[in-house]
Amino acid sequence: MSEQFQDQISAFTDDELSAQECAFLVRLLERDPKSRDRVMRYSVIGAALRGELPNPDPDVLLRGVQAELDGTGAVGRAPDVLPGPKRFFRPAIGLGIAASVAVAALALLNVANGPTGISDQAPQIAGAATGVGLQDRPSYVVPLEAAGTLAMGDALSSPPIRLTNYLITHGQYAPGIRRTSIHTNVISNEGPRVRASPPPVQER
Amino acid sequence: MNRPSSLRSLAGTVIGCAALQASAQDAQQWLDRMAGAVEELSYRGTFVHLLGDEVETLQIIHRNDGGRISERIVSMDGVGREIIRNEDEIYCILPDRQIVLFDNRREVSPLVSALPSYSEDLWRSYEISLLHTERVVERDAQVVAIHPRDEFRYGYLLWLDSETAMPLKSQLRDEQGWTVEQMAFTQIEIGQDISPAALEPTIDSEGFRVIMPPENAVAEDAPQWRATRLPDGFQLSVATLTRMAGSEHPVEHLVYSDGLATVSVFVESPDSEPEVTGGLSRIGSANAFSFEFSGRQITAVGEVPAVTVESIATSFTSP
Chain A
50 MSEQFQDQIS AFTDDELSAQ ECAFLVRLLE RDPKSRDRVM RYSVIGAALR
100 GELPNPDPDV LLRGVQAELD GTGAVGRAPD VLPGPKRFFR PAIGLGIAAS
150 VAVAALALLN VANGPTGISD QAPQIAGAAT GVGLQDRPSY VVPLEAAGTL
200 AMGDALSSPP IRLTNYLITH GQYAPGIRRT SIHTNVISNE GPRVRASPPP
250 VQER
Chain B
37 MNRPSSLRSL AGTVIGCAAL QASAQDAQQW LDRMAGAVEE LSYRGTFVHL
87 LGDEVETLQI IHRNDGGRIS ERIVSMDGVG REIIRNEDEI YCILPDRQIV
137 LFDNRREVSP LVSALPSYSE DLWRSYEISL LHTERVVERD AQVVAIHPRD
187 EFRYGYLLWL DSETAMPLKS QLRDEQGWTV EQMAFTQIEI GQDISPAALE
237 PTIDSEGFRV IMPPENAVAE DAPQWRATRL PDGFQLSVAT LTRMAGSEHP
287 VEHLVYSDGL ATVSVFVESP DSEPEVTGGL SRIGSANAFS FEFSGRQITA
337 VGEVPAVTVE SIATSFTSP
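So the sequence lines, in the order shown, correspond to chains A and B.
In terms of the numbering used here, the first sequence has 227 at position 178, counting the first letter as 1, and numbering is strictly consecutive.
In terms of the numbering used here, the second sequence has 201 at position 165, counting the first letter as 1, and numbering is strictly consecutive.
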């Protein structure tokens with residue numbers, strides 16, 4: 050990674066780039082997973098330094114930041130049952146949120162990056178066509194701003210509305226307690242918000 | 037080791053295994069009771085929903101009138117979105133968008149479906165155990181832990197009312213034990229008479245845009261697409277070809293379940309415009325993965341880890 054590229058990433062995380070520079074950087078990051086991960090780590094660390102992570106336990110936060118610095122993403126295992134209200138705001142979730150915020154920031158400038166269609170030769174396996182596998186998961190981002198604009202202008206073409214449809218239909222096939230949760234997500238205060246993906250699941 | 041101590045050891049092992057089995061059976065019974073309670077009881081209450089650092093207060097009213105189930109959930113924060121489910125339909129009122137979303141209540145043929153149940157198959161995918169008892173909203177509650185055996189599903193911690201098995205508090209947990217989502221009643225009345233008026237929406241939706249599924253919402257053809265690779269324990273439980281609100285073209289809807297977690301996969305018609313952004317996204321505690329394949333938009337949705345929706349969606353084959 051060139052020094053200039055690093056400077057750009059640093060400026061990006063400090064919100065010092067113009068919209069045009071951001072767009073250019075995003076295009077570069079789309080092709081560079083390592084740099085993308087670096088941006089996420091910078092953002093997490095930045096959030097931690099600014100004290101924006103919710104109610105962190107200092108030890109867990111330290112381990113979490115260290116893990117992010119190491120690039121392992123590993124945070125200590127939680128006990129099976131944790132007493133008290135501390136579990137409401139878990140530090141790891143805070144880290145995940147901070148990482149999501151970082152990706153969402155990229156998402157504001159990103160274009161839809163879904164895999165393109167391929168030929169109709171049957172049978173085909175979708176995963177093979179998209180190159181998506183469990184071992185090599187790309188980092189997907191969702192254009193939140195674009196989704197919001199569509200929602201205001203044309204609800205039918207809005208991703209959240211379509212996803213809301215999917216959720217409502219899906220909820221009808223879920224066990225009772227899960228259906229309540231799904232419906233709760235549908236009507237949550239700010240609606241079924243589409244978020245950037247959380248950090249990848251750590252391989253065992 | 038002499039004979040008496042060997043016998044004691046063997047007896048201890050047998051007793052231990054028997055105790056574990058008894059605990060497992062007890063936990064199974066609690067889950068069966070819970071499944072019935074959530075649907076069959078009449079209740080109303082206020083609960084908080086915690087997701088990450090977001091907290092929201094909601095009210096739920098659930099009425100069983102001789103087997104006719106109605107339910108209304110309303111957010112008590114913000115603009116007060118509502119979702120109402122009755123015998124025939126389910127609709128969601130989104131006042132902030134001036135939209136009412138309708139969907140038909142699904143009548144799933146037993147020939148093509150096997151809705152999730154708390155069956156013995158659960159043990160393949162989860163470790164289930166009874167823990168301690170606690171007081172929750174001034175009621176005694178039994179705590180039941182459901183721990184996933186792999187990374188393809190979430191676990192649960194449930195506080196079930198000792199008297200009715202109604203879940204008073206629940207946590208959705210990932211494989212590492214971190215809480216993904218929590219719901220907890222702050223006040224609940226169980227078994228009270230609930231008037232039909234309590235199920236009526238409080239939002240005046242006049243002038244709102246109503247998005248409904250077209251008539252003949254269920255198409256006659258059978259779905260053609262299938263997943264070729266499923267996480268252990270998941271199996272196809274529902275396969276329908278349906279028309280959804282806002283879409284003229286039929287959508288293939290397949291539901292995969294491990295008995296507790298469910299994943300829906302929607303395969304849009306090639307004539308439909310792709311409306312869901314590609315890639316991985318998160319909606320509350322649910323994850324979704326969407327992409328275009330052979331001219332069709334394929335989207336998997338479920339309250340499961342992201343890796344699960346992505347794994348199932350990307351294994352779909354064209355017919």
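All C-beta atoms in this analysis are idealised placements derived from N, C-alpha and C, irrespective of residue type, glycine included.
Cα-Cα separation between aspartate 62(B) and glutamine 178(B), rounded to whole angstroms
In the second sequence, residue 62(B) corresponds to position 26, counting from 1. In the second sequence, residue 178(B) corresponds to position 142, counting from 1. If you take the alpha carbons of aspartate 62(B) and glutamine 178(B), they lie about 11 Å apart.
Hey, would you say isoleucine 97(B) sits closer than 8 Å to isoleucine 230(B), going by beta carbons?
On the second sequence, position 61 is the one that residue 97(B) refers to. On the second sequence, position 194 is the one that residue 230(B) refers to. Yes, Cβ-Cβ distance for isoleucine 97(B) and isoleucine 230(B) is below 8 Å.
So asparagine 234(A) is in the alpha helix (DSSP H); what residue range does that whole segment cover?
Reading the first sequence from its first residue, position 185 is the one you call residue 234(A). Unbroken alpha helix (DSSP H) run through asparagine 234(A): 225 to 235.
How many angstroms separate the CA atom of methionine 206(B) from the CA atom of proline 224(A)?
Start at 1 with the first residue of the second sequence, and residue 206(B) comes out as number 170. Start at 1 with the first residue of the first sequence, and residue 224(A) comes out as number 175. Looking at the sequence shown, residue 206(B) is not methionine but serine. About 14 Å.
By how many angstroms is the C-alpha of serine 241(B) removed from the C-alpha of glutamate 125(B)?
The count along the second sequence starts at 1 and reaches residue 125(B) at position 89. The count along the second sequence starts at 1 and reaches residue 241(B) at position 205. Each residue's alpha carbon lies about 17 Å from the other.
How would you write the range of the alpha helix (DSSP H) that aspartate 158(B) sits in, first residue to last?
Here residue 158(B) refers to the residue found at position 122 of the second sequence. Note on residue identity: the sequence assigns leucine, not aspartate, to residue 158(B). Element bounds for leucine 158(B): 158 to 161.
CB of isoleucine 109(B) within 8 Å of CB of histidine 219(A), strictly
Start at 1 with the first residue of the second sequence, and residue 109(B) comes out as number 73. Start at 1 with the first residue of the first sequence, and residue 219(A) comes out as number 170. Not a contact, by the Cβ cut-off of 8 Å.
Sub-8 Å separation of valine 291(B) and serine 300(B) beta-carbons:
Sequence index remark: in the second sequence, residue 291(B) carries index 255 (1-based). Sequence index remark: in the second sequence, residue 300(B) carries index 264 (1-based). Yes, the pair counts as a contact, with Cβ atoms nearer than the cut-off.
For the beta strand (DSSP E) that valine 179(B) lies in, which residues bound it at each end?
Locating residue 179(B) in the second sequence gives position 143, where the first residue counts as 1. Taken as a continuous stretch (DSSP letters only), the beta strand (DSSP E) holding valine 179(B) covers 175 to 184.
So, is the C-beta of leucine 66(A) closer than 8 Å to a C-beta in chain B?
Here residue 66(A) refers to the residue found at position 17 when the first sequence is read from its first residue. Closer than 8 Å: no.
Which two residues bound the contiguous alpha helix (DSSP H) that contains serine 347(B)?
Position 311 of the second sequence, counted from the first residue, corresponds to residue 347(B). Per DSSP, serine 347(B) belongs to the alpha helix (DSSP H) from 342 to 349.
Got a sec? Which residues, its chain only, sit under 8 Å from glutamate 225(B) by beta carbon, not counting five neighbours each side?
Against the second sequence, residue 225(B) aligns to sequence position 189. Once the five neighbours on either side are set aside, the close Cβ partners of glutamate 225(B) are Tyr79, Arg80 and Gly81.
Counting Cβ pairs closer than 8 Å, one from the segment 327 to 334 of chain B and one from the segment 300 to 319 of chain B, do we hit at least three?
yes
May I ask you to verify whether the segment 339 to 348 of chain B touches the segment 183 to 191 of chain B, counting CB pairs closer than 8 Å and requiring at least 3?
Below 8 Å, enough C-beta pairs join the segment 339 to 348 of chain B and the segment 183 to 191 of chain B to call them touching: three or more.
Just to check my reading of the structure: isoleucine 217(A) and leucine 137(B) have Cβ atoms closer than 8 Å, yes? What is that Cβ distance to the nearest angstrom?
Here residue 217(A) is taken as the residue at index 168 of the first sequence, counted from 1. Here residue 137(B) is taken as the residue at index 101 of the second sequence, counted from 1. Confirmed, about 7 Å.
Once DSSP output is grouped into helix, strand and coil, what is the label at histidine 285(B)?
What you label residue 285(B) is simply residue 249 of the second sequence in a count that begins at 1. Of the three classes helix, strand and coil, the one that applies to histidine 285(B) here is coil, per DSSP.
Which bits of chain A does serine 206(B) rub up against, with CB to CB less than 7 Å?
Taking the first residue of the second sequence as 1, we reach residue 206(B) at position 170. Within 7 Å Cβ-Cβ: Ile226.
Among Phe327(B), His285(B), Glu123(B) and Gln260(B), nearest to proline 232(B) - alpha-carbon criterion
As a first step, residue 232(B) must be located in the second sequence, where it is residue number 196. Nearest C-alpha to proline 232(B): Glu123(B).
Kindly indicate which three-state DSSP category methionine 219(B) falls into: helix, strand or coil?
The residue you call residue 219(B) lines up with position 183 of the second sequence. Reduced to three states, the DSSP call for methionine 219(B) is strand.
Three-state secondary structure assigned by DSSP to leucine 144(A)
Within the first sequence, residue 144(A) is the residue found at index 95, counting from 1. Note that leucine 144(A) scores 41 on pLDDT, short of 50, meaning its location in the model is unreliable and no value can be drawn from it.
Would you say alanine 223(A) lies against chain B (beta-carbon separation less than 8 Å)?
Taking the first sequence and counting its residues from 1, one reaches residue 223(A) at position 174. Alanine 223(A) counts as touching chain B.
Backbone secondary structure at tyrosine 222(A) - three-state DSSP:
Here residue 222(A) corresponds to residue number 173 of the first sequence, with the count starting at 1. Of the three classes helix, strand and coil, the one that applies to tyrosine 222(A) here is coil, per DSSP.
Given histidine 235(B), which residues of its chain have a CB within under 8 Å of its CB, disregarding the five upstream and five downstream residues?
Position 199 of the second sequence, counted from the first residue, corresponds to residue 235(B). The sequence shown places leucine at residue 235(B), not histidine. Only Ile97, Arg99, Ser106, Glu107, Arg108, Ile120 and Asn122 meet the Cβ criterion.
For arginine 104(B), return the contacting residues in chain A, with the cut-off set at a CB-CB distance below 8 Å.
For the purposes of this step, residue 104(B) is taken as residue 68 along the second sequence, with counting starting at 1. The contacting residues do not exist; arginine 104(B) stays about 16 Å from chain A at best.
Count the other CB atoms within 10 Å of the CB of valine 104(B); is the residue buried (16 or more) or exposed (fewer)?
In the second sequence, the residue the question calls residue 104(B) occupies position 68. Inspection of the sequence shows that residue 104(B) is occupied by arginine rather than by valine. With fewer than 16 Cβ atoms within 10 Å of its Cβ, arginine 104(B) is classed as exposed.
I need the DSSP call for aspartate 62(B), collapsed to helix, strand or coil.
As a working note, residue 62(B) is residue 26 in the second sequence. The answer is helix: DSSP assigns aspartate 62(B) an H, G or I state.
Taking a Cβ distance cut-off of 7 Å, strictly less, list which residues of the segment 290 to 307 of chain B are near chain A, in chain order.
Listed by position along the chain: Val291, Leu296, Thr298, Ser300 and Phe302.
Any C-beta of chain A under 8 Å from that of methionine 219(B):
For the purposes of this step, residue 219(B) is taken as residue 183 along the second sequence, with counting starting at 1. Yes, its Cβ sits closer than 8 Å to a Cβ of chain A.
At the level of alpha carbons, what is the spacing between isoleucine 129(B) and arginine 227(A)?
Position 93 of the second sequence, counted from the start, is the residue given in the question as residue 129(B). Position 178 of the first sequence, counted from the start, is the residue given in the question as residue 227(A). Distance between the alpha carbons of isoleucine 129(B) and arginine 227(A) is about 20 Å.
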